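Heads up: the sequence shown begins at 202 in the numbering used here, then just goes up one per residue. Think of the CB as a built atom: it goes at the ideal place given N, C-alpha and C, for glycine as much as any other residue. Everything numeric in this text was worked out from a predicted model, so none of it was measured.
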Amino acid sequence: MSLDKLTALIKLLEEILPDTQATLTKYQHDPDFAQEIDSLFQILSTKKPSPAKKRRTRRRTSVFDPVELYHQKGEKHLREQLQHLEVEQLKDMIAEHGMDSSRRAMRWKKRDRLMELIVQTASCRARKGDAFRFRER
């Protein structure tokens, strides 16, 4: 701990320590006192990290972003690309892009049903905000 930090600490505790100069002098000349102050300050300044919540994902990452593909090339191209994917890959895409908050689609077995959910969600997200965009007549 530097003298600047100790001075800052003493300024905060001026009501408790009326003679700051004597405390600074004792800190400089008494190694035991300095060590006690240092350890106390270290305890006060050490932050305990909060335990981070790790989200366990058992699914793989999706092959592509369906909303971006829909926005760039349209619904027809998105459907063509989805045709090449397996059911599990479709579920990975739904999970990664948050397309099913109830997680019911993870139990679906039919590819067409999963594809329809992806297309509908991508369509809605790609068009979101269109009402506020300027259109020429």
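Sub-7 Å separation of residue i and residue j beta-carbons
| i | j | result |
| --- | --- | --- |
| residue 188 | residue 263 | As displayed, the chain neither begins before 202 nor continues past 338, which places residue 188 out of reach and without an answer. |
| residue 296 | residue 260 | yes |
Opening and closing residue of the alpha helix (DSSP H) in which residue i lies
| i | result |
| --- | --- |
| residue 313 | 312–328 |
7 Å Cβ cutoff, residue i in contact with chain B
| i | result |
| --- | --- |
| residue 326 | This model lacks chain B altogether; it includes just one protein chain. |
Quick one: which unbroken alpha helix (DSSP H) runs of 4-plus residues sit fully inside the stretch 225–304? Chain order, please. Correct list: 232–246, 267–274, 276–284, 288–297.
Determine, using beta-carbon pairs with one atom in the stretch 261–278 and one in the stretch 315–332, whether at least three such pairs fall under 8 Å. Segments in contact, yes.
Counting pairs of Cβ atoms below 8 Å between the stretch 285–292 and the stretch 300–315, do you hit three or more? Flag = yes, the stretch 285–292 and the stretch 300–315 touch.
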